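A short worksheet on the structure shown next.
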Amino acid sequence: AAILAASESRNDRDVLINEKLTTELRPTLFLAQLSNLLAGNISIVHKVTGSSRTFMGEEGAGVAAVETAAARIRSGQSTHILVGGAFQTEHSDMLLGYELAGYLHRGQWKPVWQRQGAEGGGVVTGSGGAFLVLEQREHAISRGRKIYAELGPVVSGRARRPRGELDAVIAALLKQAAMPNGKLLALSGASGAHTATIAEKAALDAN
């Protein structure tokens, strides 16, 4: 409706279409995926305009979203971006897949680091979401906004677990992150899967 209304007062309708598509169109038009439905809802609720991207692929999607957002801001393509991710685990088909593979933890709940040796594969699924406003420092200062944290390197990688590459890949990621000396707070997204958790804990203990 907005495009039709604007076209009544303009003759450059090809330019108008491109303007609307890149600045005002929200991803609610592309609801073939639930990820787009979520992105569209966030755009509407928070009145977000401009381009948007939807990443899929569980944990990797969240890392890729932050990585891409940071790269756009650092290159000067954007001044501020709303970026985040959500994961919904209450799907019977997904839980069945984990169960058939023997990944789910059995018995009473235990913290991630205490599941080694417990019955089952150690995985306890959970749903959650987190979103950040990433912004150029100069842009935030000009708006008089409080800066809560500074984003350092965003690193990601892949490992072929059957080949025993996980330990080395995690250690390499921590090295790329160039963390400062001293005690640091680590917020882990560890699933509890036995093999992966052993590798993750070993890497954290070594650093």
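Residue numbering for the sequence shown follows my numbering, beginning at 19 and increasing consecutively. All residues carry an ideal CB built from backbone N, CA and C; glycine is no exception. Nothing here was measured: the structure is a model prediction, and the numbers come from that model.
- As the crow flies, the alpha-carbon of L34 is around 35 angstroms from that of A148.
- Judged by DSSP in its simplified three-state form, G58 adopts helix.
- Relative to the Cα of A88, the nearest Cα in the group I216, K201, I159 and L150 belongs to L150.
- If you check the CB distance, L122 and G139 come in under 9 angstroms.
- DSSP, reduced to helix, strand and coil, places E137 outside both helices and strands of the structure shown, so it counts as coil.
- Judged by DSSP in its simplified three-state form, V84 adopts helix.
- Excluding sequence positions up to five before and after Q134, its CB lies within less than 8 angstroms of the CB of G140, H212, T215 and I216, all in the same chain and listed in chain order.
- Burial is judged here by how many other beta carbons sit within 10 angstroms of a residue's own beta carbon; A57 has at least 16 and is buried.
- Taking the C-beta atoms as reference points, A196 is found no nearer than 9 angstroms to A186.
- Look at the beta carbons and you see the segment 104 to 113 not touching the segment 165 to 183: under three pairs across the two are nearer than 8 angstroms.
- The continuous stretches of alpha helix (DSSP H) do not include L150, which lies in the beta strand (DSSP E) extending over residues G146 to E153.
- Inclusion of L192 and N225 in the CB contact set at 9 angstroms is warranted, their separation being smaller than that value.
- The beta carbon of R71 sits closer than 8 angstroms to those of A83 and T86, all from its chain and outside the five residues before and after it, given in chain order.
- From the listed residues T41, P198, R92 and M74, the smallest Cα separation to H157 is found for R92.
- Spanning the alpha carbons of R163 and Y116 requires a straight line of approximately 44 angstroms.
- Take the alpha-carbon of V172 and the one of N29: they are about 45 angstroms apart.
- For L169, the closest of G182, Q154 and S160 by C-alpha to C-alpha distance is Q154.
- Here the alpha carbon of Y166 sits roughly 37 angstroms from the alpha carbon of A20.
- Counting every other CB atom within 10 Å of its CB across the protein chains shown gives L152 a total of 16 or more, marking it as buried.
- DSSP lists V141 as the beta-bridge partner residues of L122.
- Within the same chain, I91, E153, Q154 and H157 come within 8 angstroms of T97 by CB-CB distance, once the 5 residues on both sides are set aside.
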